[in-house]
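These notes are about the structure you will find just below.
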Amino acid sequence: MNGKKGSVEIDIPPPNKAKQPEDGNKSGFQGFPCKAWIWSAWEFCKDDVDRVIFSFKVGLAVLLVSLLILLRGAYEIFGTNIIWSIITVAIMFEYTVGETFNRGFNRALGSLLAAILAIAVGELAQLTGRIAEPIIIGLSIFLIGAITSFVKLWPPLVPYEHGFRIIIFTYCFIIVSGYRMGNPIRTSMDRLYSIAIGGFVAAFVNVLVFPMWAGEQLHEELVNSFNSLADSLEECVKKYLEDEELNQAEFSEKVMDEFPDEPAYRKCRTTLNSSAKLESLADASKWEPPHGRFRNFFYPWSEYVKVGAVLRYCAYEVMALHGVLHSEIQAPYNLRIAFQSEIQDAANQAAELVRSLGKDIRNMKRSLKTSLLNRVHSSTERLQRVIDMHSYLLTPHYDLPDNSSNPVPKLSHVLPTTPYDFLDQDDDVCSTNHEKSSNHLTQNLTESYYEMMRKQSRRLNSWPSSEVDPFEKGGGFRIGILPQMRAVKSTAALSLTTFTSLLIEFVVRLDHLVEAVDELSKMAKFKHEDL
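Position 170 of the sequence shown, counted from 1, bears residue number 170 in UniProt numbering, the numbering being contiguous throughout.
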């Protein structure tokens, strides 16, 4: 295109100049790979010290079992079969006490059933003669492997999947070694007592040396989810009411679940993804004996999972609020700030209730939430009345003048303080106040509203986005832009309506959360404490 009108000339720098810094950085990075790895491992350990403790506990358990082989006296008693104790410790030892007991139960039951089947089939195969014996053993191995692999996929038996694997492994080992050695009963007994020694050592170390209880972790995980949800709600409302233009370009460049500058948002996302973790911890907690604060037998761990499900039900609304916060079309700041007092009050009351519920679970106390619920419902009803009373601001038929520079006054100044004052007012007085507030609002709207509408229209009517203002294009105002501007105004106003509706829906869902926490406190026998 050289020499033609409209051609573009691009200067490309030489490749050797651009590669020199890269090579230097690359050589510098390769010079300290070990230092970077050590620093990463150190940060990983600092994030959770229990990981280091767990690693040392596993090493200690394996060392204790290995002494039965390293010490001559113990080796003469147990022999080489003690190697199965080391394997048992490595397989059975888990992060929490409950998971260790669960693994131990699966391993013990699977080994016992496999030994019984191996002894029965081995004795039966010996009676058939030397020719039919290997055929029967091979057929039994095929049937045991196929049946156990099929049964472990059945949903009710999925928690015992490890036990079915042990059955296959143990059965094949005993039946084959018994065929060659000619004594399957002796082989089975040696295997069982070796597994028993390894299981005892693993349980002993895990319970007595810095025990990590799954019940405690489940308890703390649920409490942290309450606090994370409250923080995320307050942060979302605070950002929405800030006097700044929301950055829609950031949202278009990032995925919905990636906002590095919003840590509370990531906590809320973690709450939504905590279903599998809570269920896993609840299943492990059922295997633990009474301990610490959880001294009741048959403690209702499943209720923690139910409360977590209701909490995620509320968290969905917070995620939707974040979606409105980062949407492309936003209500102008003057319109958002007009409802600031009511929105902020409803959000603060809701967050306070969520934190109070989490505090009750942390302290294992049962307290009445009647007063908190009443305040939350009162603030929500006030927000609903404000939206209904000033709904004309959210319709496209209400045109705003562009000759004022003062912000819209807070709507709380023209409303009664409580619902009862609102009901006691005379109809004429309400009509007069409504008329005065309307005139006052009409006279105090700013040019920023139309400025926002121009930006929204420019973004909707150009692809890629153009810097030319549609009001100035062609040297005058285009007639066709008026209907589009009205549509943009309506959509921007609906953004505020959507945000407040989601906030109200969040408050409604809090009733279910209060009921779930109350049911947990009853079944767990929390200490009763009146407000």
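Glycine included, each C-beta is placed from N, C-alpha and C at the ideal position.
These numbers come from a predicted model, not from an experiment.
Notebook entry, point to check: Taking C-beta to C-beta, are residue 538 and L192 nearer than 7 Å?
Noted result: Look at the range of the chain in this structure, 1 to 531, and you will see that residue 538 is not part of it.
Note to self: Buried or exposed, going by whether 16 or more other CB atoms sit within 10 Å of the CB of P159?
What the structure shows: Translated into the one-based positions of the sequence shown, residue 159 becomes position 159. The residue in question, P159, is exposed, as its Cβ has fewer than 16 Cβ neighbours within 10 Å.
Item checked: Pair within 7 Å by beta-carbon distance, residue 533 and M212 -> Residue numbering for the chain in the displayed model covers 1 to 531; residue 533 lies beyond these limits and cannot be assessed.
Check: Whose C-alpha, out of A346, G163, R186, is nearest the C-alpha of residue 532?
Finding: In the structure displayed, the chain extends from 1 to 531; residue 532 sits before or after that span and is not available.
Notebook entry, point to check: Just to confirm, are G308 and L272 a CB contact at a threshold of 7 Å?
Noted result: Numbered from its first residue, the sequence shown carries residue 308 at position 308. Numbered from its first residue, the sequence shown carries residue 272 at position 272. Cβ atoms of G308 and L272: not closer than 7 Å.
Item checked: Which listed residue (A347, I131, L153) has its alpha carbon closest to that of R375 -> Within the sequence shown, residue 375 is the residue found at index 375, counting from 1. Checking every option, the nearest Cα to that of R375 belongs to A347.
Margin query: If I measure Cβ to Cβ from E303 and keep anything under 6 Å in the same chain, skipping five residues before and after, which residues do I get?
Written below: Numbered from its first residue, the sequence shown carries residue 303 at position 303. If we look at E303 and ignore the five residues flanking it on each side, its Cβ neighbours are L520, M523.
Next item on the list: Determine the closest residue to R266 out of E235, W287, F294, P289, with distance taken between C-alpha atoms.
Entry: Taking the sequence shown and counting its residues from 1, the one referred to as residue 266 is at position 266. Ranking E235, W287, F294, P289 by Cα distance to R266 puts E235 first.
Next item on the list: Count the other C-beta atoms from every protein chain shown that fall within 10 angstroms of the C-beta of C45, then say buried if there are 16 or more, exposed otherwise.
Entry: Taking the sequence shown and counting its residues from 1, the one referred to as residue 45 is at position 45. Classification of C45: exposed, given that the 10 Å Cβ count is below 16.
Checklist line | Simplified DSSP state of H512, which is helix, strand or coil | finding: By 1-based counting over the sequence shown, the position of residue 512 is 512. Helix at H512.
Next item on the list: Could you pull the start and end residues of the alpha helix (DSSP H) that T80 belongs to?
Entry: Here residue 80 corresponds to residue number 80 of the sequence shown, with the count starting at 1. Looking at the DSSP string, T80 is not in any alpha helix (DSSP H), and its letter there is neither H nor E.
Notebook entry, point to check: Is the segment 214–233 close to the segment 83–101, with three or more CB pairs under 8 Å?
Noted result: yes
Notebook entry, point to check: Which full runs of the alpha helix (DSSP H) of 4+ residues lie inside the segment 150–237, going along the chain?
Noted result: 161–181, 184–208
Check: The alpha helix (DSSP H) spanning I387 covers which residue range?
Finding: Here residue 387 refers to the residue found at position 387 of the sequence shown. Element bounds for I387: 370–389.
Notebook entry, point to check: Cβ atoms of G178 and T88: under 7 Å apart, would you say?
Noted result: Walking along the sequence shown from the start, residue 88 turns up at place 88. Walking along the sequence shown from the start, residue 178 turns up at place 178. No, these two residues do not count as a Cβ contact at 7 Å.
Margin query: Using the three-state DSSP reduction, which class does R295 fall into: helix, strand or coil?
Written below: The residue labelled residue 295 in the question sits at position 295 within the sequence shown. Three-state DSSP puts R295 in coil, outside helix and strand.
Margin query: Whole angstroms are fine: how far does the CA of I195 sit from the CA of V65?
Written below: Translated into positions along the sequence shown, residue 65 becomes position 65. Translated into positions along the sequence shown, residue 195 becomes position 195. C-alpha separation (whole angstroms): 11 Å.
Next item on the list: Can you give me the start and stop residues for the alpha helix (DSSP H) that Q340 sits inside?
Entry: By 1-based counting over the sequence shown, the position of residue 340 is 340. Looking at the DSSP string, the run of the alpha helix (DSSP H) that includes Q340 is 340–363.
Checklist line | Cα-Cα separation between D518 and L208, rounded to whole angstroms | finding: Taking the sequence shown and counting its residues from 1, one reaches residue 518 at position 518. Taking the sequence shown and counting its residues from 1, one reaches residue 208 at position 208. Going by the C-alpha atoms only, they are around 34 Å apart.
Check: Near V310, which residues of its chain fall below 7 Å by C-beta distance, leaving aside the five closest residues on each side in sequence?
Finding: Along the sequence shown, one-based indexing puts residue 310 at 310. These residues qualify, in order along the chain: H512, L513, A516.
Notebook entry, point to check: CA-CA distance, P134 and L68?
Noted result: Residue numbering aside, residue 134 sits at position 134 when the sequence shown is read from its first letter. Residue numbering aside, residue 68 sits at position 68 when the sequence shown is read from its first letter. Their Cα atoms are separated by approximately 35 Å.
Check: Given G110, which residues of its chain have a CB within under 6 Å of its CB, disregarding the five upstream and five downstream residues?
Finding: On the sequence shown, residue 110 is found 110 positions in, with the first residue counted as 1. Here the set comprises G163, I166, I167.
Check: When DSSP labels each residue in this structure, what does H528 get in the three-state scheme?
Finding: If you number the sequence shown from 1, residue 528 lands on position 528. Correct three-state label for H528: strand.
Check: In three-state DSSP terms, what is T500?
Finding: Position 500 of the sequence shown, counted from the first residue, corresponds to residue 500. Reduced to three states, the DSSP call for T500 is helix.
Next item on the list: Pick helix, strand or coil for V130, following the three-state DSSP scheme.
Entry: The residue given as residue 130 occupies position 130 in the sequence shown. Here residue 130 is Arg; the residue named in the question, Val, does not match the sequence. R130: coil per DSSP, three-state reduction.
Note to self: Which residues does DSSP list as the beta-bridge partners of R366?
What the structure shows: Locating residue 366 in the sequence shown gives position 366, counting from the first residue. For R366, which the question treats as bridged, DSSP gives the partners H528.
Check: Can you find a CB in chain C that lies within less than 7 Å of the CB of I77?
Finding: Among the chains in the structure shown there is no chain C, since it carries only a single protein chain.
Next item on the list: Please classify S327: does DSSP put it in a helix, a strand, or coil?
Entry: Position 327 of the sequence shown holds residue 327. S327: coil per DSSP, three-state reduction.
Notebook entry, point to check: What's the C-alpha gap between H326 and L368?
Noted result: Within the sequence shown, the letter at position 326 stands for residue 326. Within the sequence shown, the letter at position 368 stands for residue 368. Taking the straight line from one Cα to the other gives about 37 Å.
Check: How is E472 classed by DSSP in three states: helix, strand or coil?
Finding: Start at 1 with the first residue of the sequence shown, and residue 472 comes out as number 472. Residue confidence is low: E472 scores 45 on pLDDT, short of 50, so the model does not pin down where it sits. No coordinate-derived value is stated.
Item checked: CB-CB length for L529 against K359, believed under 8 Å -> For the purposes of this step, residue 529 is taken as residue 529 along the sequence shown, with counting starting at 1. For the purposes of this step, residue 359 is taken as residue 359 along the sequence shown, with counting starting at 1. Leu is not the amino acid found at residue 529; the sequence shown has Glu there. About 11 Å separates the two Cβ atoms, so there is no contact after all.
Checklist line | Whether residue 532 touches L502 by CB criterion (7 Å) | finding: There is simply no residue 532 to check, as the chain begins at 1 and stops at 531 in what is shown.
Check: Buried or exposed: I144, going by 16 or more other Cβ atoms within 10 Å of its Cβ?
Finding: For this step, residue 144 is matched to residue 144 along the sequence shown. Per the 10 Å Cβ criterion, buried.
Checklist line | Those runs of the alpha helix (DSSP H) which lie wholly inside the segment 97–127 and span at least 4 residues | finding: 97–127
Next item on the list: Could you tell me whether any non-hydrogen atom of the ligand PLP is closer than 6 Å to the CB of K152?
Entry: In the structure on display, the ligand PLP does not appear, and there are no ligands present to speak of.
Notebook entry, point to check: Taking DSSP as the reference, what is the three-state secondary structure of L71?
Noted result: Here residue 71 refers to the residue found at position 71 of the sequence shown. Of the three classes helix, strand and coil, the one that applies to L71 here is coil, per DSSP.
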